[in-house]
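Notes follow the structure.
Listed below in C-alpha coordinates is the structure:
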(Lines of atoms letter the chains of each structure in order from A and count residues from 1; the text may use other names and numbers.)
(Lines give C-alpha, C1' and ligand atoms only; values in the text may rest on other atoms or scores of the structure.)
Protein backbone atom coordinates (compact mmCIF):
# COMPACT_ATOMS: atom_id res chain seq x y z
CA UNK A 1 0.00 0.00 0.00
CA UNK A 2 1.20 3.51 -0.70
CA UNK A 3 1.75 5.84 2.21
CA UNK A 4 -1.47 7.59 3.26
CA UNK A 5 -1.74 11.35 2.77
CA UNK A 6 -0.24 13.28 5.68
CA UNK A 7 -3.70 14.49 6.78
CA UNK A 8 -5.17 10.94 6.73
CA UNK A 9 -5.30 9.39 10.24
CA UNK A 10 -2.99 6.46 10.94
CA UNK A 11 -5.61 3.77 11.56
CA UNK A 12 -8.74 4.38 9.51
CA UNK A 13 -11.15 1.49 9.08
CA UNK A 14 -14.32 1.31 7.03
CA UNK A 15 -17.33 -0.95 7.36
CA UNK A 16 -19.37 -1.53 4.20
CA UNK A 17 -22.81 -3.12 4.55
CA UNK A 18 -24.03 -4.82 1.38
CA UNK A 19 -27.72 -5.33 0.61
CA UNK A 20 -27.31 -8.87 -0.61
CA UNK A 21 -25.38 -12.03 0.13
CA UNK A 22 -22.26 -12.57 -1.91
CA UNK A 23 -20.42 -15.60 -3.21
CA UNK A 24 -16.95 -16.72 -2.14
CA UNK A 25 -15.75 -15.61 -5.56
CA UNK A 26 -17.00 -12.06 -4.96
CA UNK A 27 -15.45 -12.04 -1.47
CA UNK A 28 -12.14 -13.03 -3.06
CA UNK A 29 -12.22 -9.68 -4.89
CA UNK A 30 -11.77 -7.98 -1.49
CA UNK A 31 -8.82 -9.78 0.16
CA UNK A 32 -8.07 -6.74 2.32
CA UNK A 33 -11.53 -6.85 3.95
CA UNK A 34 -13.05 -9.25 6.50
CA UNK A 35 -16.60 -10.50 5.79
CA UNK A 36 -19.36 -11.07 8.33
CA UNK A 37 -22.94 -12.17 7.74
CA UNK A 38 -25.70 -9.94 9.07
CA UNK A 39 -29.48 -9.97 9.32
CA UNK A 40 -31.37 -11.35 6.33
CA UNK A 41 -28.97 -11.47 3.39
CA UNK A 42 -26.82 -8.52 4.47
CA UNK A 43 -23.04 -8.93 4.44
CA UNK A 44 -20.61 -6.59 6.18
CA UNK A 45 -17.08 -6.09 4.89
CA UNK A 46 -14.60 -4.41 7.23
CA UNK A 47 -10.99 -3.37 6.93
CA UNK A 48 -8.32 -0.72 7.01
CA UNK A 49 -8.36 1.96 4.32
CA UNK A 50 -5.02 3.69 3.69
CA UNK A 51 -6.25 6.88 2.06
CA UNK A 52 -8.78 8.42 -0.33
CA UNK A 53 -7.42 6.60 -3.41
CA UNK A 54 -7.78 3.29 -1.55
CA UNK A 55 -11.39 4.14 -0.63
CA UNK A 56 -12.25 5.13 -4.21
CA UNK A 57 -10.75 1.88 -5.50
CA UNK A 58 -12.87 -0.19 -3.09
CA UNK A 59 -16.04 1.70 -4.08
CA UNK A 60 -15.22 1.18 -7.77
CA UNK A 61 -14.86 -2.58 -7.18
CA UNK A 62 -18.26 -2.70 -5.46
CA UNK A 63 -19.73 -0.88 -8.44
CA UNK A 64 -17.95 -3.04 -11.03
CA UNK A 65 -19.34 -6.17 -9.36
CA UNK A 66 -22.87 -4.73 -9.25
CA UNK A 67 -23.00 -4.77 -5.44
CA UNK A 68 -25.36 -2.47 -3.55
CA UNK A 69 -23.69 -0.76 -0.59
CA UNK A 70 -26.44 0.32 1.82
CA UNK A 71 -24.22 1.69 4.62
CA UNK A 72 -20.67 2.97 4.99
CA UNK A 73 -19.12 3.68 8.39
CA UNK A 74 -15.69 5.13 9.11
CA UNK A 75 -13.88 4.50 12.38
CA UNK A 76 -10.37 4.79 13.75
CA UNK A 77 -10.58 1.73 15.99
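Numbering (my numbering), first residue to last: 415 to 491. Idealized CB from N, CA, C, for every residue including glycine.
### Query
If you draw a straight line from the C-alpha of residue 456 to the C-alpha of residue 421, how long is it?
For the purposes of this step, residue 456 is identified with residue 42 of the chain shown, where counting begins at 1. For the purposes of this step, residue 421 is identified with residue 7 of the chain shown, where counting begins at 1. Approximately 33 Å, taken between the alpha carbons.
### Query
According to DSSP, is residue 449 helix, strand or coil?
Taking the first residue of the chain shown as 1, we reach residue 449 at position 35. Three-state DSSP puts residue 449 in a strand.
### Query
Whose C-beta lies closer than 6 Å to the C-beta of residue 489 among residues of the same chain, with five residues either side of it excluded?
Locating residue 489 in the chain shown gives position 75, where the first residue counts as 1. Once the five neighbours on either side are set aside, the close Cβ partners of residue 489 are 427.
### Message
Can you find the residues in the same chain that come closer than 6 Å, C-beta to C-beta, to residue 481, ignoring five residues on each side of it along the sequence?
### Response
One-based indexing of the chain shown puts residue 481 at position 67. So the qualifying residues of the chain are 432.
### Query
Contact check, residue 443 vs residue 470 under 8 Å by CB: the rounded distance?
Locating residue 443 in the chain shown gives position 29, where the first residue counts as 1. Locating residue 470 in the chain shown gives position 56, where the first residue counts as 1. Residue 443 to residue 470, Cβ: 16 Å. No contact.
### Query
Taking DSSP as the reference, what is the three-state secondary structure of residue 479?
For the purposes of this step, residue 479 is identified with residue 65 of the chain shown, where counting begins at 1. In the structure shown, residue 479 sits in coil (DSSP, three-state: anything other than H, G, I, E or B).
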